[in-house]
Each structure stands twice: as structure tokens, then as C-alpha cells.
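Visitor: Residue numbers (my numbering), protein chains in the order written: chain E, 1 to 309; chain V, 310 to 627; chain S, 628 to 1003; chain B, 1004 to 1515. Where a beta carbon is used, it is the ideal one built from N, C-alpha and C, also for glycine.
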Ligand SMILES: Nc1ncnc2c1ncn2[C@@H]1O[C@H](COP(=O)(O)OP(=O)(O)OP(=O)(O)O)[C@@H](O)[C@H]1O
Ligand SMILES: Nc1ncnc2c1ncn2[C@@H]1O[C@H](COP(=O)(O)OP(=O)(O)OP(=O)(O)O)[C@@H](O)[C@H]1O
Ligand SMILES: [Mg+2]
Ligand SMILES: [Mg+2]
């Protein structure tokens, strides 16, 4: 019983939580950038799946992880262009087109997998990059400094996204486009261009999320993401459109997931409660919000297409 | 209630597996409806392989990946209406639908598995594996090669075939000196990442041999492979996932019972019987991986367990 | 000129979608024309197909009608999946508890239980939003996860068929539910069951609620402007809860119909929500938005979308291409055609014309002079 | 004052703009010279904003020509307008509330540190402009934290930052306090003297007379006259724009007030920012009287109104009774059921639903009553008849009952809200800034309506920053300062000076 509280288990659980939160973080930050510009993207899951598959396929056929990361990222970018065309240029209903992308990604990645790969095979996985010195610290090293480059990159994205949104002219424009596009437009800011770019950035990050997930596992399966894209969307609301908030949500969800699975493995959670305990990340995320009792409004123009008469 | 005008549309069905030169008209028409992909290295693939292994070639139509039960029901009904002589409903979850459909097509034989009974339907043959048997053997061998005595199991949700296999595994391992079998159900058939973390947690907690059931276990295999932990597979031969660490796989040879069911149909019996594949009838086979350097005594323990199960001296479920 | 363009765009979108689909089909070695033909016959080819499509559309109609209500109240309900499951579970429990009631009582009872179950599961995010400021997108996504695990638990443990335990097969399903609860087939030889008219009636009910009742008036008012609604004395928080509860209850009704209108007549899980719902919780959003968030337009819209699904499945069987193709085709079509806003604009225009013709209020006010105050 | 060239800064010739069912501009001509304040005057819906939006590139004209400094231009977008030195301060603020002042100002401009922002540089220029034109503002503060007057300044700074030579000011003073208007005119004078061309729109004739060099009058989308303050006084201007005589001081029959209908005791209210907004206020409003609440905005008037309307909670111990019913913290329904009618300050936010039809807005409060719904269903026939009657009675200009309310002009929306609120026959009327942004004719009508309620025995509380308005209709005027009532003056004793002093917080023995 007390096994869980040995430092080894505790810190390896933390490490697992951080690993699990990596895709949430990438995808959540991406979704956040899009939403900040006023576009809701329900297609994250689909983009993650597509990127995951193509990254996997690249790794499988070329053996190059770098190339795989590049391809996964580019697929995300391409989907961003597609989604941008649909929502910004054609003013499509964001809810529908997002679900369309989700369905397409779900089906097409599966189809490609069956056609091009078929029987599951492992590729090489992202190697763990041990940070010199820090990774040697007992326990703490395992938890924080022995991760793949993608995981570090996810956390580095947090300040980067903050800088992008807070400190660049593009970021100012993004926030204006999401909050009051009429105002941005009246000052000569092209709301369409800004939103398009934000969507491309957001989907690219979703692509990176799928890439990180698949390369961490070294194998693809149909519906590999298992709902993680939707959770990432939810985490944007958890994080109240702030990068550190999204990070907190990703970590909370990931760590609770890791804790539950570890407790199951250790027998702390009886098998009869296996499914009940699997609710924990979702329930705790909601509970945390209830306790925090924050009243933050979404970007005022979220989901509203913009056009001048 | 049969809608015959479907025949036209479905008549175009291309036989997926036809020996060259045979005219499709003379072949036995079999249709397969299955929940996951045909090449899943697991449940569905085992049946596709089995049909392809049949001694006489058949005209096979496949609808795979129909995890939505209602969609599978539509496919089953359509295949029955389209003139297939045998429709395989390869998924326990399709049984309830079958109970409605089978009576509507009294000329068609339905094969339903995995199931141990035919629900009293005259034109349904049921088939099931005694997965506990292979589980038991895997467990025995696993215990023999475990130095820590602690073995980890990754399952999806605690139900169906996975439970049978894992129960057998647990019994086999404990009977052969394992001190602890930690069983983790991730709560999902599809969450590969969670299966990977479950395996990591089991290994961190001291497990030095792993097994698991269902399609998400590839995540666990990946971790086992990284950590150099031996792996036992089930449902299909999983050696290709890691040729150096997969010790053995329990493999389903449905063709053993398929042949029998087809023979019965040819003899005019359209259904009404339940078949089981097991070690004794050769429907279950433990395929050891030559690439894994298995100690002779472990192999011997495994062979002994197989013999014991076949001769009835060992009850894998007990 | 402009007219021509706006008429051409949905056509082009449709063509583009079919072109994409054709490319995929050719890549898979199938003949696209045969494919499209199979899709059409599969969806609408004969009475049987039409019925199958109708049955497939039922959950989409219901979820879509519910989504229309909640979205009109500015509440984005992505929790359809969980609400379907909740409704199915409660109706299943009801049928298990009272198997002996005669059909005339039991059928309405299990449908009502579905409404209640889904309603409760919808009301939870409603309460969380109204009284704890938890955004409903977050809570409904999370509650979907909770519902799936809860379903797995219930079917694996307390509700499992005792036979499954006895035989050791442990399939996570209930025993066969009382035949008295089975939704009767209305067109014999087809799958067209009572669920179809029930869904249509529920959509009409949703329409009436939204546009003919004070409750719907309030929901729409809150949806457009919570501040103005509040100042006018409309209880905003309660309206948010009502919107989600109503929306959830329609999804829950879909859950009950999925159980009692299914071939299986029992509830079973494959561990995921999609296995049971066929993703109707998400696809219903598409149906609703394509129907212009109007419950009545959701009916044809869901029917078309249902046809897309049954048609694509049929195509898969006829051409023996992987099943995943069906899902991707749905995605492609949704992306290209359904999301083309020009299509929506046109529907909007039709709606508007319709309203001008048969607005019920117009008829009743034919007596007073149409003395509109001209602006000039 | 004008530059010595003959070429006017702006010439708009024959501008025509049609909206579905409306001819918003009908061959309008307008000429503006540099160094002049040119006022556009006209009723609500006359087409003033439309003309200006065309000038700024937000709408495209159906016909007509625009010349800037003699050169014909086609203003295809706001960026084109900005690039050509045209600035516009919109009737509804065009600010992004979540951005800081500097970010709002910098939006759409080039940064010297691209791709990063150069907010320090922007802030410095903002401070320069502030100094030059007397527009005090902190560039680093987020706009949502600013008071309306300050937001107005940000809008002006935005235009000046972009070197606007021709500046459109669409009802900039509608939301300003008299003091702020004074300051604002100081700024305009400064700009006039630096050769800017200014187009000014306002419904407040006192202001128009005070600031304008030229006045163009629009009615129903057409230019109906041209004048200067020297040639026309307020009465003449009012007549020109409405097309008939307007009485600027409405008749107020003598009535003896009855019992107290609205009783406020020891009211303490917190503001959104957590400060004490209303600080132990007592007030009685009796049947048959109109009490005006005067005061510089931000002294607790908004919070006071919201508490009475049931939209805001007060501290414990506070009491507001409407016809004897305690309403504090119980929600708007209770207050309304107790007999209250409420005309909110922010009409587009709180008063009406833009996407609802005219008819729907007219039954927004009472849709659930016996009259309008039966057996759970709305009675569209009754609702339509009722709406038509109100539209006719209150002269709401709308193409029809099914018109989306957001397409009506501001004044007509205000009339619609009044129609709804007054139709219910309230015993207590609470009206906040009832004629803000409303043209003179409509204002006259609204005043008449409020007085009619008083005659019918209602108790009316009117919150307004427009002293002229209060002095015209109120029986007593209470001045609010820092959450308290500085004093209550009977109308006979009220002078602008005395009230002004109290509004500034100077204590003076109240006569009552
Ligand atoms: N007052 C009403 N009475 C009866 N039916 C109505 C009423 N208002 C709208 N409808 C019906 O609803 C439909 C309106 O659909 P539409 O999508 O145009 O809604 P809308 O008016 O734009 O709503 P919103 O104002 O919320 O955007 C019409 O077809 C009409 O049949
Ligand atoms: N976008 C629009 N769509 C349809 N009609 C419009 C639109 N904008 C303005 N109108 C109509 O054009 C007319 C002129 O409106 P405009 O806003 O120019 O009036 P205004 O003179 O500025 O009035 P106010 O003093 O109330 O601001 C009105 O009848 C209005 O309803
Ligand atoms: Mg205007
Ligand atoms: Mg409308």
C-alpha cells in the first residue's frame, strides 16, 4: 500500500504525467492561439491523427525521426491552411467544419494506415534527452530532466506563445481579431489574414502534438489519440486563454491520469473500481475549476465569422 | 422479411480471396463482419487468416472496422440478403443483433464468436477459444523466466476475452512460483499511450515480464521492448513487434472449427452447435519465438503445462 | 452575376468533395462511379435502405434538435455522447426493473427514462456553467469521458447479464431486455421502427418549445443577450440549465431508442462511446448546424447525413474497400459541402421566404391594417 | 482660420446609399474646409452615420463622388481612409477592451521593432499627443478599466496618432459629462487651430451652437439645409431638423405628490472594482413626482439604478422597497412584479436584444403573462396587435414588426424600449439616461411620455447627466456625489450653478 509513497514511484509517476501532458500542451496551446483570434477549432483530434500517422509512416519508411517530426509538423500546417480556407475565406460555420476535419482525420489516418502499413510495426522512438547534471539529481532528474526533446519543446512553447501573443504586433492583432474584429478592421488590420495565420499556427501545433504522441510510442494505431484532441480543447477553457493556465491544465490532467494508472498497477485501486477511477482526470479537472471559481470570458468574437458589408 | 433486391448491388462484390482460375460461382460464399481492421495482429486478423487457411478456397467478402454495433448489424443483414451462404459475425457484441437477424434468413448459416452458445438458434454455429488455456501456459513460462517473481499484465476493460486470458495467465503464473501478478486494466481498448504508461508503472514497480490483451497493448509492448522486458502475446503471433523479446504467443487457429462447421452445413446441418478451439484440438497453439533465448527448463515447464491441459490434469480456470 | 456565383459555390463544393472522394477511390483501386452509385443505392436505393437510413438518422435528429435548443441559448453542448449514454443507461435500468409492464406502458416509460437520464446528464454542465462559471465546452467534453467509464462500469459490474458471469465469458452487456420494451417495427420487413416517428415528433416538440413557448422565447433571449434578458426579468441561470437539460434529454431519448430500437435489444459496450452511439453526439452537431439550428430543418439534414453514413458503409461493402474510407468520405463531404456557408445562406433565404409566407402570426393578424411605419 | 486655398479639404457630392427598404443617403453633398468644425445635424436615422461610414470606407456608396483636397478618391477600406489622413471616432467605441491603451493605439500601425511591439515608443508618442491636446491618459492601462470619457480620449488619440487631418466625430459627446464636454471642446479648438478638419455629430443643440463653424442638416437621408450658429439659434435648428416646432421645455402640469412608492434606506453598494459605490443612501420617490438624479458619472448612479432594478446586490442592511415590497438582491423579476419599469442606461446591452425582432423586443418583459401566452404557448396574434399598437403610438420608425431591432437607429431603439416599459403601466419608473443619443424630436416625445406617467400617478426616478433634461422634467433634483446624496433641490429653486457646485462635491445647505 505505502508503495506509492516511495520517492521512486512518486517521481516516476510525475515523469509519466509530464509525458502524458506533452500532446495536451502542444495541442492546447495551438487551440488557444486560434481561439484568441476568434476561431474555434473542433478538428484538433483529426489533425493530431493525420500528423501522427504521417510522422509514423515517415519514420517507418525513412528511419529518420527528424524527417518524421518535419512531416508531422507540415501535415499540421497543411491542415491549418485547409481549415483557414474553409472558415476564414469561405466563412463556414466553425463547428461543422471542425467536426468535418475530425471525421476526415479519423478516417483517413486509419485508411492510410491500413493501406500503407497494415500490420503494426515499431519505429525508433524519440530518444530521451538527459539534461546534463540536472538529470543526475536523484528522483527529480527522472521526473523533470529525462524526457524527449519534444517534451521539453512543449514546455518551451509556453513562454514562446506568451511572447507571441503579448509582445508581438501579430499577437496584438490576434487578440484584437478575437475580441473586437470590427475595431481591428477599422484600423486597417486584415482580420482575415490574422485569423488565417493564427489557425495555421494552431493546427501546426496540433500536428506537433500528434507527432509527439506517436513518436513517443513508436507505433501508430487507428484512433491513436483516443480523444486527446478534445481534451486539449477543454484545457483551453481550463486555462482561461492563458498559456500558463493551459500548461497547468495539461499537467493536472496528465498527472492525474498517470497517478490513476500507477495506482492501478500497484493495486492501490482495486480492479473493481478500474473504470470508476478512470473518470478521475475528467472529474478532478472540473472540480479544480469549480474550486478556482474563475470568471473569465472567452474572446468576445469567438466562433463569429467576420465580414465587412 | 428478406429484401432480395439487394442482390443486384452486392452481387458486384469482388471476391477478396479467390484461388486463381476458380470461377467465383462455384465457390462457397462467405462474408465476414468484424470490429477491428483485418490486419490488426489480433482478433480480426486471426479470423481472416483462418478463412484463408481453409482447405477449399472460398469467395470472401469482408466488412471490418465496424465497431459501431448497429452498423455491423446492417452489414450482417445485408450479407445474408445478398446470397452469402455463411456469414461470420466475428464479435461477441454482435450476438444480440444476430438473434434478430438469423431467424429472418433460415437458409443462411451464421457463425458467431466468440461465444459459447448459439442462443438456441438453429442456423447459428457458435465458436470460442478457451483463451485461459494459452493464458495459463504463457503464465507458467512467464513465471519460469521471471527473476523477481513479479509479473505485469495490461488489459483493456475487465470483460470478455481479456478476462479469460488474464485469468488463465494469472493462474499459470502463480502455480509456477510467481509471487505477484499485477493486473492493470487501463479502461480503454484504444488508448495506446495509457497502455504504455501502465507498462512503465508495472516495470517501475518491479515487474520483469509482461503480457497483455487487446489492440492497445502495442503501447505496452513498446515499453517492454525499450526496457528489455520479455513479452507474452495472445490472439495472434506478436513476434514481429519485437523479434528478440516476444517469448511466445497464443495463436487462434479458427480454421480447425471452421472446417467442421462448413462440413456440417454441406451435410445439411445449418447450425445449432457451439465449438471451441483449444490446445487439444489444435485450434489454440502456443507459438514460441525462436529468436528469444528461452531457457530449456522454462520451455519444458510450458510444454508440460500444455500436456497437462490437454490431458485434463490441469484446469487453467481453476 | 452575384446570384450565379452564390449558386455555383455549393455546386463547386460538392464537385470538389466528389473529386476528392474519387481520387481516394481510384487510389484504392476502385471505380469511383460504381462507388457513388453504391453510395446512393446504399442510402436511398429502396424502401429497406430508406428505412435503414431513417433509423440511422434518428439519433442525429434528436441530438441535432437538442443542439438547436442549446446553441440558440448560446450554450455549446459537446456532451451529446455522454448524454446519449446516460439516457440509455437509465432506460435500460428501467426496463430491467419493470420487465413485466405491458408495452403500452413500458415503451413510453423507457423513452421517458431516456429523456430523464439525458436531461440529468445535461443539467450537470448547465448547473456548473450557471452557478460555478465552468465553461460548458470543457465540462461536456469531460462528462463524455465520465459517462463512458460509467457505462463500462455498469455493464461490466452491476448490470451485467448473470449468464455472462456464470459462463465466465464476462461480456459487458445486460441480459436481453424485456420484449415489452422493444420499439415495434412499423414497416414490416424493414428496420423502420417506432423510434423514427418519435424522433420526428421530438424535433417538432423542440421547434414548438423554441418558437412557440415562453420558455423558448427566454432561451433565445438569453442566447442573444444575457444582459438584456436579465434586465427584463428573465432568469438567466435557470435558462442556461434548462437549455442544457432539454438538449441533454433529447440526446438521452436517442440513447433509449438506440437500445430499444436496436436489433440487439440489450445494452452492450465495446469500451468506447462511439461503439454505442456511432458518434451521434458529434454528428448531431453537424446535422443541427447544417439545419441552420432549426429543429425542423434538422430532420432532413439528419436524414441526409444519415444517408451519407449508410451510403458510405454500403459502398465499403460493395467495393470491398476499407471501412475507414467511409469515415473519411463523411469528413470530406462535411468539410466541402456542409460547411460551405453559401449553402447555409441559401437555406436561410428559403427559411426567410417560408416565414414570410406561412408565419402563423401573419394569419392571425390579417384583420388589423398592415400599417407599418415607413421609414421615409 | 481657414487655409488660404480655395480647394476644400473634403467634398462629398451626390452620395446615395440604399439599405434593404431604406434610402439612407439620398444625393448628399457635404463640403468641409480645414480649420473648421462642420456639424451634421439630423434626427435619428437621418443618415449621418451612414454618410460618415462611407467616408471612412466602411460602406461603399451606391452613387456619388468623394474628393479629398480636390482629388477624387475611392475609399475602399478603412486602411485607405487612414492612409489618406481620415480619422473617425465611431458612435459606438471601436476599442478592444482587453488591450491596453497603447496597444489599441498601435493596432494596425507599423512597429519600429517589428515583429515585436514597440509599446514604449507608442506610449511616448501617446504622451506627446496627450500633452499637446490636453488628453490625459495612462497608456499602459487596459481599456476595459477606463471610464467612458477616458475611452473617448483614447479614440481621439488613435486618430491623431495616425496623423488624421480630417476627423469624423460621430456623437462623441453623447456619453460625456458636462465637464468632460468642456474639456473635449478644448481639444477640438486646439485641433481646429492646427488646421484639422472636423466633422461633428451631436443631438445636443447647446453643444452644436457652441462649437460649430458650419452646420449641415439632414432629414430622411437628404440635405435639407445649411446654416451657421450665427444665423440660427437652438429653436431654429430644432425646427430645421425635425421639420416642425419643437418645445425644448415640456409642459409639466401641477400635481400634488401622493404616498412614497420607491423607498430607499441606508443603501450601501459595492462597485465592480470593489470600491464603495453607493454609501448609505436614503431617498423617497412619491407617486406623481419625478425625481432627477444628477451627478458626474461614476458617482454611484449606475450602481443605484442597478440595485433598484434588481440587477445588483447590495450590502446587508440596505433596503429598497417598491410599493412596499423589498427588492434588494432578489432579481429583476421581483422588482418588476412589484411595479417597476426600467429603462437601462446601456440600451443596446441591457435594454433590447439586437437580433430579436421589433415585436419580440416589445414583449421581452411580459412574454410570459396571461395576455401573451396561454396554455404554455405564445399568442402571436395578440403579440402582433400589441406590438403594432405600440409602434404606432410611440412612432417607432421601423420597416416592420419582424425587422431585426439592431438595424433600427439608436433613437428608435430607445423609443422601442420606452414603449415596452411604459406600456405595462408601471407605478414606479426608473429611467437612466433616457434620451442619450436621441434626437431632439424624440427626446421631446420621451419627456412627454415620462411626464404623462407622472400625471397618471407613477413615481419616476430619472438618472441623467444632462442638466437641461432634468431641469425640464423633474420636480426635485437630487445630486449624487461619491455615493451619497449631496442635496435635494426643488425644481423652483434649482439653478445650473448651484447644482454644478454640488456635483463637484461642494457642500451647500440643501434648501429642502
Ligand atoms: N415568432 C415566430 N413564430 C413562429 N415561428 C417563428 C417565429 N420566429 C421564427 N419562427 C420560425 O423559425 C424560423 C426562423 O429561423 P431562423 O434560422 O431564420 O431564425 P432567426 O429568426 O434568424 O433566429 P435568431 O433571431 O435567433 O437568429 C422560421 O422559419 C419560422 O418558421
Ligand atoms: N447596416 C445597415 N443595414 C440596414 N439598414 C441600415 C444599416 N445601417 C443603417 N441603416 C439604416 O439607415 C438609416 C440611416 O441610419 P444612420 O445610422 O445613418 O442614422 P443616423 O443619422 O446616424 O441616426 P442616429 O442619430 O440615430 O445615429 C436608418 O434607417 C437605419 O435603420
Ligand atoms: Mg448615427
Ligand atoms: Mg434572425
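Within this structure, are the beta carbons of residue 156 of chain E and residue 165 of chain E separated by less than 9 Å?
Guide: Within the first chain, numbered from 1, the residue matching residue 156 of chain E stands at position 156. Within the first chain, numbered from 1, the residue matching residue 165 of chain E stands at position 165. Cβ atoms of residue 156 of chain E and residue 165 of chain E: not closer than 9 Å.
Visitor: Taking Cβ positions only, does residue 978 of chain S come closer than 9 Å to chain E?
Guide: Here residue 978 of chain S refers to the residue found at position 351 of the third chain. For residue 978 of chain S, the predicted model reports a pLDDT of 49, less than 50, meaning its position is unreliable; a value from the coordinates is still stated below. With 9 Å as the cut-off, residue 978 of chain S does not count as an interface residue toward chain E.
Visitor: Which residues count as close to ligand 3 when the rule is a CB under 7 Å from any of its heavy atoms, in chain order?
Guide: B:1051, B:1052, B:1094, B:1173, B:1174, B:1204, B:1412, B:1413
Visitor: Using 9 Å as the limit for Cβ to Cβ distance, is residue 493 of chain V near chain S?
Guide: Here residue 493 of chain V refers to the residue found at position 184 when the second chain is read from its first residue. Not closer than 9 Å to any Cβ of chain S, the Cβ of residue 493 of chain V fails to qualify, so no.
Visitor: Please state whether the Cβ-Cβ distance between residue 461 of chain V and residue 501 of chain V is less than 9 Å.
Guide: The residue labelled residue 461 of chain V in the question sits at position 152 within the second chain. The residue labelled residue 501 of chain V in the question sits at position 192 within the second chain. Taking 9 Å as the Cβ cut-off, residue 461 of chain V and residue 501 of chain V do not qualify as a contacting pair.
Visitor: Out of S:716, S:759, S:725, which one is the CA nearest neighbour of residue 743 of chain S?
Guide: Taking the first residue of the third chain as 1, we reach residue 743 of chain S at position 116. Comparing Cα-Cα distances from residue 743 of chain S to each of S:716, S:759, S:725, the minimum goes to S:716.
Visitor: Which partner residues of residue 438 of chain V appear in the DSSP bridge assignment?
Guide: Indexing the second chain from 1 puts residue 438 of chain V at position 129. V:586, per the DSSP bridge assignment.
Visitor: Please state if the CB of residue 44 of chain E and the CB of residue 199 of chain E are separated by a distance shorter than 9 Å.
Guide: Here residue 199 of chain E refers to the residue found at position 199 of the first chain. Here residue 44 of chain E refers to the residue found at position 44 of the first chain. Against a cut-off of 9 Å, the Cβ pair of residue 44 of chain E and residue 199 of chain E comes out as no contact.
Visitor: Considering only residues of the same chain and omitting the five flanking positions on each side of residue 981 of chain S, which have a CB-CB separation below 8 Å?
Guide: Your numbering for residue 981 of chain S matches position 354 in the third chain. Confidence in residue 981 of chain S is poor, its pLDDT being 46 and thus under 50, which makes the residue's placement too unreliable to answer from.
Visitor: Tell me the rounded alpha-carbon separation between residue 341 of chain V and residue 189 of chain E.
Guide: Position 32 of the second chain, counted from the first residue, corresponds to residue 341 of chain V. Position 189 of the first chain, counted from the first residue, corresponds to residue 189 of chain E. Each residue's alpha carbon lies about 58 Å from the other.
Visitor: What does the alpha-carbon distance come out to for the pair residue 124 of chain E and residue 899 of chain S?
Guide: By one-based count along the first chain, residue 124 of chain E stands at place 124. By one-based count along the third chain, residue 899 of chain S stands at place 272. About 29 Å.
Visitor: Using 9 Å as the limit for Cβ to Cβ distance, is residue 311 of chain E near chain V?
Guide: Any property of residue 311 of chain E remains undetermined from this structure, which presents chain E solely from 1 to 309.
Visitor: I need the DSSP call for residue 557 of chain V, collapsed to helix, strand or coil.
Guide: One-based indexing of the second chain puts residue 557 of chain V at position 248. Of the three classes helix, strand and coil, the one that applies to residue 557 of chain V here is strand, per DSSP.
Visitor: How long is the line joining the alpha carbons of residue 383 of chain V and residue 116 of chain E, rounded to whole angstroms?
Guide: To locate residue 383 of chain V, count along the second chain from 1; it is residue 74. To locate residue 116 of chain E, count along the first chain from 1; it is residue 116. So the two alpha carbons sit approximately 28 Å from each other.
Visitor: Measure the alpha-carbon distance for residue 736 of chain S versus residue 866 of chain S and round it to whole angstroms.
Guide: Within the third chain, the letter at position 109 stands for residue 736 of chain S. Within the third chain, the letter at position 239 stands for residue 866 of chain S. Distance between the alpha carbons of residue 736 of chain S and residue 866 of chain S is about 26 Å.
Visitor: Give the interface partners of residue 1114 of chain B over in chain E, defined as CB-CB distance under 8 Å, in chain order.
Guide: The count along the fourth chain starts at 1 and reaches residue 1114 of chain B at position 111. Those within 8 Å of residue 1114 of chain B in chain E are 169.
Visitor: Check for me: the beta strand (DSSP E) holding residue 1227 of chain B runs from which residue to which?
Guide: Residue 1227 of chain B sits at position 224 when you count from the first residue of the fourth chain. That run of the beta strand (DSSP E) goes 1225 to 1230.
Visitor: What is the DSSP secondary structure of residue 1322 of chain B, reduced to helix, strand or coil?
Guide: Locating residue 1322 of chain B in the fourth chain gives position 319, counting from the first residue. In this structure, residue 1322 of chain B counts as strand in the three-state DSSP scheme.
Visitor: Residues in the stretch 905 to 928 of chain S with C-beta within 9 Å of chain E's C-beta atoms, listed in sequence order?
Guide: 906, 909, 910, 912, 913, 915, 916, 917
Visitor: Report yes or no: is there a C-beta of chain D within less than 9 Å of the C-beta of residue 903 of chain S?
Guide: Of the chains in the structure shown, none is chain D; the protein chains are E, V, S and B.
Visitor: Using a Cβ-Cβ cut-off of 9 Å, state whether residue 37 of chain E counts as contacting chain S.
Guide: In the first chain, residue 37 of chain E corresponds to position 37, counting from 1. Not an interface residue.
Visitor: Report the residues of the stretch 341 to 363 of chain V with a CB closer than 9 Å to any CB of chain E, ordered along the chain.
Guide: Those would be 345, 346, 347, 348, 349, 350, 354, in chain order.
Visitor: For residue 1483 of chain B, list the residues DSSP reports as bridge partners.
Guide: As a working mapping, residue 1483 of chain B is identified with position 480 in the fourth chain. Note: residue 1483 of chain B sits in a beta bridge opposite B:1488.
Visitor: Work out the CA separation of residue 962 of chain S and residue 1067 of chain B for me, nearest whole Å.
Guide: Translated into the one-based positions of the fourth chain, residue 1067 of chain B becomes position 64. Translated into the one-based positions of the third chain, residue 962 of chain S becomes position 335. Cα to Cα, the separation comes out at about 42 Å.
Visitor: Just to check, is the beta-carbon of residue 1560 of chain B closer than 8 Å to a non-hydrogen atom of ligand 2?
Guide: Nothing can be reported for residue 1560 of chain B, as the shown portion of chain B is limited to 1004 through 1515.
Visitor: Just verifying my parser: in three-state terms, what is the DSSP assignment at residue 150 of chain E?
Guide: As a first step, residue 150 of chain E is located in the first chain; it is residue number 150 there, counting from the start. Helix at residue 150 of chain E.
Visitor: Name the one or two DSSP bridge partners that residue 595 of chain V has.
Guide: Here residue 595 of chain V is taken as the residue at index 286 of the second chain, counted from 1. According to DSSP, which records beta bridges pairwise, residue 595 of chain V is partnered with V:559.
Visitor: Using a threshold of 9 Å, state whether the C-beta atoms of residue 563 of chain V and residue 356 of chain V are closer than that.
Guide: The residue given as residue 563 of chain V occupies position 254 in the second chain. The residue given as residue 356 of chain V occupies position 47 in the second chain. Yes, the pair counts as a contact, with Cβ atoms nearer than the cut-off.
Visitor: Return the first residue and the last residue of the alpha helix (DSSP H) that residue 1090 of chain B is part of.
Guide: Along the fourth chain, one-based indexing puts residue 1090 of chain B at 87. Not the alpha helix (DSSP H): residue 1090 of chain B falls in the beta strand (DSSP E), residues 1089 to 1092.
Visitor: Who does residue 1435 of chain B pair with in a DSSP beta bridge?
Guide: Position 432 of the fourth chain, counting from 1, holds the residue named residue 1435 of chain B. Beta-bridge pairing links residue 1435 of chain B to B:1466.
Visitor: Please name the residue in B:1425, B:1049, B:1452 whose C-alpha comes closest to that of residue 1030 of chain B.
Guide: For the purposes of this step, residue 1030 of chain B is taken as residue 27 along the fourth chain, with counting starting at 1. Closest option to residue 1030 of chain B, Cα to Cα, is B:1049.
Visitor: Determine which residues share a DSSP beta bridge with residue 1028 of chain B and list them.
Guide: Mapped onto the fourth chain, residue 1028 of chain B falls at position 25. Under DSSP, residue 1028 of chain B shares a beta bridge with B:1020.
Visitor: How do the stretch 502 to 509 of chain V and the stretch 456 to 475 of chain V stand: do at least 3 beta-carbon pairs fall below 8 Å, yes or no?
Guide: Yes, they touch.
Visitor: Determine the direct distance from the alpha carbon of residue 1334 of chain B to that of residue 1161 of chain B, and round the result to whole angstroms.
Guide: Within the fourth chain, residue 1161 of chain B is the residue found at index 158, counting from 1. Within the fourth chain, residue 1334 of chain B is the residue found at index 331, counting from 1. About 40 Å.
Visitor: Which stretch, first to last residue, makes up the beta strand (DSSP E) that contains residue 605 of chain V?
Guide: Taking the second chain and counting its residues from 1, the one referred to as residue 605 of chain V is at position 296. It is not in any beta strand (DSSP E) - residue 605 of chain V instead sits in the alpha helix (DSSP H) that spans 605 to 620.
Visitor: Report all residues from its chain with a CB closer than 8 Å to the CB of residue 1099 of chain B; omit the five preceding and five following residues, and keep chain order.
Guide: Along the fourth chain, read from residue 1 onward, the residue named residue 1099 of chain B stands at position 96. Its chain contains 1106, 1107, 1110, 1146 as the residues whose beta carbon lies nearer than 8 Å to that of residue 1099 of chain B, once the 5 sequence neighbours on both sides are disregarded; these appear in chain order.
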